[in-house]
Amino acid sequence: MTTQETLFSKIIRKEIPADIVYEDDLALAFRDINPQAPVHILVIPKKPIPKLADAESGDQDLMGHLLLTVKRVAEQEGLSNGYRVAINTGNDGGQTVHHLHLHILGGRQMNWPPG
Ligand code: AMP
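This is how it looks when you write it as structure tokens:
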């Protein structure tokens, strides 16, 4: 797996600013700079996994932690009426930043299919 530096690595190291809403040893959550919903937050692992397809069996606990972090952040944001969790993966998935991230979208009714 080749790991390239992305701007999310710089956000993790606090070298560029971000509106961070949650942080622990393994994960970071911050508001998307171009929000697609009233609440749009990205949850990322501090480990620079480029995309979901690059996750390995040794990342099992980390992947579970990311999902539970989504739940925790959604509660923190008051999304009691529900929310969308999206992971864009690779070119066809529409991924633009090559550091695994989980989108939390909420505060409005989501549409399906997402397009
Ligand atoms: P994706 O298209 O799934 O790779 O999503 C990448 C997301 O990162 C997009 O929703 C962007 O708006 C967001 N993004 C890009 N740069 C930043 C930044 N500096 N701070 C916060 N979000 C960003």
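Residue numbers (the numbering used here): 1 to 115.
Even glycine gets a Cβ: it sits at the ideal position worked out from N, Cα and C.
Any non-hydrogen atom of the ligand AMP within 8 Å of residue i CB
i: ALA18; result: yes
i: ILE104; result: no
i: VAL85; result: no
i: PRO49; result: Checking the sequence, you will find Ile at residue 49 rather than Pro. No, the ligand AMP has no heavy atom inside 8 Å of this Cβ.
i: VAL97; result: yes
i: ARG31; result: yes
i: HIS65; result: no
i: GLY94; result: yes
i: GLN109; result: no
i: LEU7; result: yes
i: LEU42; result: yes
i: GLN4; result: no
Buried/exposed call for residue i, threshold 16 Cβ in 10 Å
i: LEU105; result: buried
i: LEU66; result: buried
i: ILE12; result: buried
i: MET1; result: Low local confidence applies: a pLDDT of 49 at MET1 is under 50, so the model's placement there is unreliable, with the coordinate-based value given in what follows. That one is exposed.
i: PRO113; result: exposed
Cβ-based neighbour list, residue i, same chain, cut-off 6 Å, excluding 5 preceding and 5 following
i: TYR22; result: ALA29, VAL73
i: ILE87; result: LEU52, LEU102
DSSP-derived helix/strand/coil call for residue i
i: HIS125; result: Absent from the structure is residue 125, since the part of the chain shown begins at 1 and ends at 115.
i: HIS65; result: helix
i: LEU26; result: coil
i: ARG72; result: helix
i: LEU52; result: helix
i: LEU102; result: strand
i: ILE20; result: strand
Close beta carbons around residue i, own chain, < 7 Å, minus the five adjacent residues each side
i: VAL70; result: VAL43, VAL85, LEU102, ILE104
Close beta carbons around residue i, own chain, < 8 Å, minus the five adjacent residues each side
i: ILE126; result: Lying outside 1 to 115, the shown extent of the chain, residue 126 is not represented and no answer is given.
i: ILE16; result: LEU7, LYS10
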